[in-house]
Amino acid sequence: MLIVGLAWINQYDSNTVMFFLSKGMIDILAPFAEIVIISRLLGIELASFSPTPLLTMYALGLVIFAGLFAAVSPVYANPPMTKPTIIVHRGVINQNAVGNTIASLKRNSQYHFPFIEMDIQETKDHQFICAHDNDLRIPKKGNVEIDQLSLKTIKRYHHVDMFGDYLRIANKLKQPLIIELKVTNHSDQQMGTRFAKQFKPQLTVLPHRVHSIGYPFLRQVKRQIPGMDIGLVTMLNFGNIGHYHVDFYTLQHLTANPFLISSVGETGRPVYSWTDDSKLSMVRMEMLGTTGQVTDQAFRLQHLRVNYRRDRWILLLNSLQNYL
Numbered sequence: 001m002l003i004v005g006l007a008w009i010n011q012y013d014s015n016t017v018m019f020f021l022s023k024g025m026i027d028i029l030a031p032f033a034e035i036v037i038i039s040r041l042l043g044i045e046l047a048s049f050s051p052t053p054l055l056t057m058y059a060l061g062l063v064i065f066a067g068l069f070a071a072v073s074p075v076y077a078n079p080p081m082t083k084p085t086i087i088v089h090r091g092v093i094n095q096n097a098v099g100n101t102i103a104s105l106k107r108n109s110q111y112h113f114p115f116i117e118m119d120i121q122e123t124k125d126h127q128f129i130c131a132h133d134n135d136l137r138i139p140k141k142g143n144v145e146i147d148q149l150s151l152k153t154i155k156r157y158h159h160v161d162m163f164g165d166y167l168r169i170a171n172k173l174k175q176p177l178i179i180e181l182k183v184t185n186h187s188d189q190q191m192g193t194r195f196a197k198q199f200k201p202q203l204t205v206l207p208h209r210v211h212s213i214g215y216p217f218l219r220q221v222k223r224q225i226p227g228m229d230i231g232l233v234t235m236l237n238f239g240n241i242g243h244y245h246v247d248f249y250t251l252q253h254l255t256a257n258p259f260l261i262s263s264v265g266e267t268g269r270p271v272y273s274w275t276d277d278s279k280l281s282m283v284r285m286e287m288l289g290t291t292g293q294v295t296d297q298a299f300r301l302q303h304l305r306v307n308y309r310r311d312r313w314i315l316l317l318n319s320l321q322n323y324l
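The UniProt record's numbering puts the first residue of the sequence shown at 1, with every later residue one more than the last.
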C-alpha cells in the first residue's frame, strides 16, 4: 500500500523533490514492512521498541540519503532520450492477421517497422516451420510436440507456412526479421547449426536477427554466421545475465527492472522487452531505457508520447516487483 500510495500521489504531483523523497521512503521503509509481514506469517515475534526523537531523525536521514542516492543514479537521473525500436510481435498488429504466417508478413510489412518478430519450430525430420506453440493437436494422439512429428504428419492435419518461404518473401519485401528459434526439452542438439547452414544465404540478405531462450543453439548459429546478431530471450529476469556472449537481450517485461536494463545497456548491447501491449507497460519500458519493444500494438507504440516528469510515477510503481 505504501508504494501504491506514493505512486498515486506522484501521479498528480510531479514535484521533483516529492518524487525522490518518495523513492527514498520506498527503499528504506518497504524492506522493513516486508520483514514484519514475513515474520508474522512465520510466527516469529520481533522485539518491540518505542520511537524516540533520535530514532525518528535517523529514519528521516536514511530516507533523505536514499532519495539523494536515487537522484544521482543513472536510472533516474538520465531519462531515455530516444524512442524505442518498434518490433511487430508475430507479424501481427492489433489482431489484424494470423500470427507467424506469410499473409501477416505481407500485410504488415507495408508499414515498414524496423523488425517483424516471428517464431519457428523444427520438426522431427528437421524441417523448419512457422509456429509459436510447441505442440499441435493430432487426431487420436492429442497434443504432440512439433519436434516429435514429421512435416508430412503435420501437413496432413494443419496448414503451416515453411520458414524458407517466409524468409524468401521477407527478403523480397525488404522486411528485416527477428527470428525466435523455439526450444523444447526434446530439441535436437544440433538444431542451431542445422538452421544456420540451411538458411545462411538468405539470412544474410538483410540485417535479420535470431533470438531464443536456448543459449547453446544461439552460439551454434553464431559460429556458422559470425556476422549475425543473436539475442537471449529471458522469461524471468533475476541475477546477472550480462556475461552471456550475445549481441542483444529480449527481456520479459513484467520482471524487467531498471538496474538490470541499465547494467546490460552499459555494455552497449540493445535491450528489447516483450510483450508490451498496454500503454502503461509501453511507458514503463521506455522510461526504464529499453532499446526496443516487441508488441502486438505497433501503432499504439508508434504514437506514444512519454513525458518523463509527468510519467515517472510509474518508476515508483515498478518497485512493487521487488516485494511480490
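We put the beta carbon where it would ideally sit given N, CA and C, even for glycine.
{"query": "Same chain, Cβ closer than 7 Å to I178, five either side skipped, listed in chain order", "result": "I87, F115, E117, R209 and H211"}
{"query": "Of the listed residues G91, F259 and V144, nearest to D133 (C-alpha basis)", "result": "V144"}
{"query": "Spatial distance of R305 from N15 (CA atoms)", "result": "20 Å"}
{"query": "Member of G292, M285 and Q293 whose CA lies at the smallest distance from the CA of Y308", "result": "M285"}
{"query": "Per DSSP, cross-strand counterpart(s) of M162", "result": "I129"}
{"query": "Alpha-carbon to alpha-carbon, A97 and R312", "result": "35 Å"}
{"query": "Under the three-state DSSP convention, the category S273 falls into", "result": "strand"}
{"query": "Alpha helix (DSSP H) segments (min. 4 residues) lying fully within the region 235–314", "result": "258–265, 279–288, 298–302 and 308–311"}
{"query": "Start and end residues, alpha helix (DSSP H) containing R192", "result": "The amino acid at residue 192 is misidentified as Arg; the sequence shows Gly. Counting along the chain, the alpha helix (DSSP H) containing G192 begins and ends at M191 to L203."}
{"query": "Reduced DSSP category for F115 - H, G, I as helix; E, B as strand; rest coil", "result": "strand"}
{"query": "Residue burial classification, S150 (beta-carbon count within 10 angstroms, cutoff 16)", "result": "exposed"}
{"query": "Minimum length 3: unbroken beta strand (DSSP E) runs contained in the region 136–186", "result": "142–145 and 177–181"}
{"query": "Spatial distance of D13 from Q302 (CA atoms)", "result": "27 Å"}
{"query": "Whole-number beta carbon distance between S263 and G242, since they are thought to touch under 8 Å", "result": "6 Å"}
{"query": "Buried or exposed by the 16-neighbour rule on C-beta atoms within 10 Å, applied to G268", "result": "exposed"}
{"query": "Contact set for K279: own chain, Cβ-Cβ below 8 Å, skip 5 residues either direction", "result": "R300 and L304"}
{"query": "C-alpha gap between M25 and W8, whole angstroms", "result": "14 Å"}
{"query": "Exposure label - L251; buried when at least 16 CB within 10 Å", "result": "buried"}
{"query": "Exposure label - F113; buried when at least 16 CB within 10 Å", "result": "buried"}
{"query": "R90, enclosing beta strand (DSSP E) - first and last residue", "result": "Per DSSP, R90 belongs to no beta strand (DSSP E) and is neither H nor E."}
{"query": "CA nearest to the CA of H126, picked from D276, D147, G5 and K140", "result": "D147"}
{"query": "Sub-8 Å separation of F248 and D229 beta-carbons", "result": "yes"}
{"query": "For V210, the first and last residue of its enclosing beta strand (DSSP E)", "result": "R209 to S212"}
{"query": "Between the CA atoms of F217 and T204 - distance to the nearest angstrom", "result": "18 Å"}
{"query": "Nearest-angstrom Cβ-Cβ length linking L232 and V246, presumed shorter than 8 Å", "result": "5 Å"}
{"query": "Extent of the continuous alpha helix (DSSP H) run through A103", "result": "I102 to N108"}
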